């Protein structure tokens, strides 16, 4: 189910998600009831297999739109994520406009793209085949990540690729590409993020970013970022446990 996520993104609505990494479906179910706008499933840095994602997304997609960050910007991974019912994909390490064009093509059916046609959960296992095919291109969200200095240097061309719906900045990988790993407040990293911000806002391209804490995210919301990922399920669980225990010992 799309929940009109792509339309909300294009209209500039503030859309907030945690990063979901645990393979336990109940984790996503709990988060889906917490009031978030969408769920970010991280298949890049977790142990998710396609079968895990299908089970978990099948439990929560009726409540919230689910986007999958792919393990790599790969045609097969895009096809699987969308076929199992994701409302869109987040492609990591998109450093050139040529790669952005391929990603859009892999995510869209003909004539806009080259996505393979199958019978997955998204198609109601065949029962909603025609309805899904007729609406998929309009409803599928394509997010590319700017998380390398090469992407920063090519951002003007990347944002002009038709079919890219948003640019999501990855500050930690960006810092690593600048030889300042983990130093997301280093001037070089800040300047790179600012360049991407200025280019995207000039082109009315929705902007997103990841932050571990509320304090890290708030300044970007104030700057007009709308596709927000804040917190990680594992970190949130650990922090809540420590806080409770700390009040007792």
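Residue numbers (our numbering): 6 to 254. Glycine residues also receive a C-beta, built at the ideal position from the N, C-alpha and C atoms. Just so it is clear, the structure is predicted and the values come from calculations on it, not from any experiment.
Fewer than three pairs of CB atoms, one per stretch, sit closer than 8 Å, so the segment 235 to 252 makes no contact with the segment 195 to 213. Here the segment 97 to 108 lies against the segment 163 to 177, with 3 or more beta-carbon pairs under 8 Å apart.
Counting only runs of 3 or more residues that sit fully inside the segment 62 to 126, the beta strand (DSSP E) segments are 71 to 74 and 93 to 96, in chain order.
In terms of Cβ geometry, residue 127 and residue 137 form a close pair [threshold 8 Å]. Excluding five sequence positions before and after residue 90, the CB atoms of its chain that fall closer than 6 Å to its own CB belong to 62, 66, 126 and 127, given in chain order. Residue 161 holds the alpha-carbon nearest to the alpha-carbon of residue 207 among 149, 131, 22 and 161.
Within the DSSP bridge table, the entry for residue 148 names 95 and 171 as partners. The DSSP-derived three-state label of residue 234 is strand. Residue 12 and residue 253 have their C-alpha atoms roughly 47 Å apart. By the CB criterion at 8 Å, residue 92 and residue 71 fall inside the cutoff.
Every beta strand (DSSP E) of 3 residues or more that sits fully in the segment 199 to 229 is shown, in chain order, as 212 to 216. Bridge partners of residue 25 according to DSSP: 46.
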